[in-house]
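My numbering puts the first residue of the sequence shown at 1, with every later residue one more than the last. Using N, Cα and C, we set each Cβ at its ideal position, and we do this for glycine too. One structure is given here, and the rest of the page talks about it.
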Amino acid sequence: MTTSDPSLLRLLVFATLFALFAILESLWPRRERTLQRSDRWLGNLGILAAGSMLARVILPVAPIGAAMWAQQQGFGIFNAIDMPILVAGFLAFLLLDLLIYGQHRLFHAVPILWRLHRMHHTDMDLDVTSGLRFHPIEIILSLILKITAVCILGAPLVAVLFFEVILNATSMFNHSNFALPHKLDSVLRLFLVTPDMHRVHHSIRPIETDRNFGFNIPWWDRLFGTYLAEPDDGHRSMTVGLPIFRDKRATNLVHLLIQPFAKDRNTNDKKGGEENPPP
1 MTTSDPSLLR
11 LLVFATLFAL
21 FAILESLWPR
31 RERTLQRSDR
41 WLGNLGILAA
51 GSMLARVILP
61 VAPIGAAMWA
71 QQQGFGIFNA
81 IDMPILVAGF
91 LAFLLLDLLI
101 YGQHRLFHAV
111 PILWRLHRMH
121 HTDMDLDVTS
131 GLRFHPIEII
141 LSLILKITAV
151 CILGAPLVAV
161 LFFEVILNAT
171 SMFNHSNFAL
181 PHKLDSVLRL
191 FLVTPDMHRV
201 HHSIRPIETD
211 RNFGFNIPWW
221 DRLFGTYLAE
231 PDDGHRSMTV
241 GLPIFRDKRA
251 TNLVHLLIQP
261 FAKDRNTNDK
271 KGGEENPPP
């Protein structure tokens with residue numbers, strides 16, 4: 001396997017699922033849109049491009065590259081233990097997913113990290129592009145954490161590749177705005193974070209914003225007591241986003257980039273802040 005193969009695989013999966021979810025949203029929307037796609041997609045996809053370019057410059061070694069290095073050097077826990085590759089891969093996948101759950105909770109709990117992460121939450125609609133809308137600095141911090149964890153674990157290359165592809169796919173899936181039949185959703189959320197499950201996390205109500213932190217596996221929320229089945233106002237009537245940055249201008253790429261540095265009345269209060277972005 002060459003180093004370009006994982007990138008090609010991720011790109012193919014990304015493009016295929018992005019198109020699929022975008023089509024499903026158009027055919028069977030779960031909620032009415034607050035803004036038109038054209039008002040949001042340019043900013044959301046632009047922030048993805050900015051984050052990807054910054055990551056390539058600052059961290060040319062991705063988690064997959066770190067796994068290759070650890071494997072070649074015999075570095076890390078799983079490389080030091082004689083264990084079947086399937087078992088090591090499964091455990092590595094679970095531990096990496098638990099790490100992302102913990103990281104997500106940390107970005108909500110620490111004020112300076114919340115200022116970075118809140119840009120993801122100021123999206124007033126949820127759709128496939130919302131799962132790609134993360135501030136470039138947050139992306140860099142997340143990559144550093146994942147690379148460190150991959151090296152310490154000595155996670156098998158195939159497990160890291162599978163994890164990266166699945167995490168990207170599920171992030172697009174659970175932010176998508178298409179309607180799943182209730183019975184199907186009830187079954188799926190036993191094994192996978194569904195759009196209805198994750199939408200609760202994007203509620204304007206702080207008590208709901210601090211629930212359902214999982215991106216991929218739903219078990220951590222149940223295990224650590226952060227699971228909430230439904231929003232109080234129902235999925236069609238609930239308000240998505242935060243009380244701050246609810247102006248259409250906040251969807252602009254430049255405003256998305258500067259949101260973490262914009263002044264607000266109280267950085268510790270998810271209910272505080274300016275109603276509009278800076279001019």
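- Closest option to H175, judged by alpha-carbon separation, among R30, T16, V13: R30.
- Within the stretch 153–200, the alpha helix (DSSP H) runs of at least 4 residues that lie entirely inside it are, in chain order, 157–175, 182–188, 195–199.
- Rounded to whole angstroms, the Cβ separation of H202 and L126 is 6 Å, and the two are in contact under 8 Å.
- Less than 7 Å separates the beta-carbon of A92 from that of A155.
- Under the criterion of beta carbons closer than 8 Å, N216 and V193 qualify as touching, at roughly 6 Å.
- A Cβ-Cβ distance of about 19 Å is found for the pair G234 and H121, leaving them out of contact under the 8 Å criterion.
- Contact between the stretch 100–116 and the stretch 17–27 is absent: fewer than three C-beta pairs spanning the two stretches fall below 8 Å.
- Per DSSP, reduced to three states, the secondary structure at S203 is strand.
- Residue pairing by DSSP places V61 opposite no residue, since no beta bridge is assigned to it.
- Here L106 has L113 as same chain residues with Cβ atoms under 7 Å from its own Cβ, once five neighbours each way along the sequence are excluded.
- Counting C-beta pairs with one atom in each stretch, the stretch 162–174 and the stretch 4–20 have three or more that are closer than 8 Å, which means they touch.
- Out of G102, Q71, G74, M197, the CA that lies nearest to the CA of L145 is found in G102.
- The Cβ atoms of I139 and I58 lie no closer than 7 Å to each other.
- Relative to the Cα of S130, the nearest Cα in the group R37, L228, P231, H255 belongs to R37.
- The distance from the Cβ of P231 to that of M197 is about 10 Å, inconsistent with a contact at the 8 Å cut-off.
- Closest in C-alpha terms to D123, from the list I207, R40, Y227, comes R40.
- Between the alpha carbons of L12 and M238 lies a distance of about 34 Å.
- In the structure shown, V110 adopts coil according to DSSP, grouped into three states.
- Nearest Cα to A262 within the set L253, R115, P206: R115.
- Inclusion of L256 and G43 in the CB contact set at 7 Å is warranted, their separation being smaller than that value.
- Under the three-state reduction of DSSP output, P260 falls in the helix class.
- Looking at the backbone, the Cα of L157 and that of R246 are separated by about 42 Å.
- Under the three-state reduction of DSSP output, P218 falls in the coil class, being neither helix nor strand.
- Between L153 and I77 the beta-carbon gap is near 5 Å, inside 8 Å, which marks them as a contact.
- Sequence-distant partners of K248 (beyond 5 residues in either direction) whose C-beta falls short of 8 Å from its own C-beta, in its chain, are L35, D39.
- Here the alpha carbon of I207 sits roughly 10 Å from the alpha carbon of V200.
- A straight-line Cα-Cα distance of about 18 Å links R10 and A50.
- Measuring C-alpha to C-alpha distances from T16 to each of R56, A169, W69 identifies A169 as the nearest.
- Here V128 is buried. Its C-beta has 16 or more other C-beta atoms within 10 Å.
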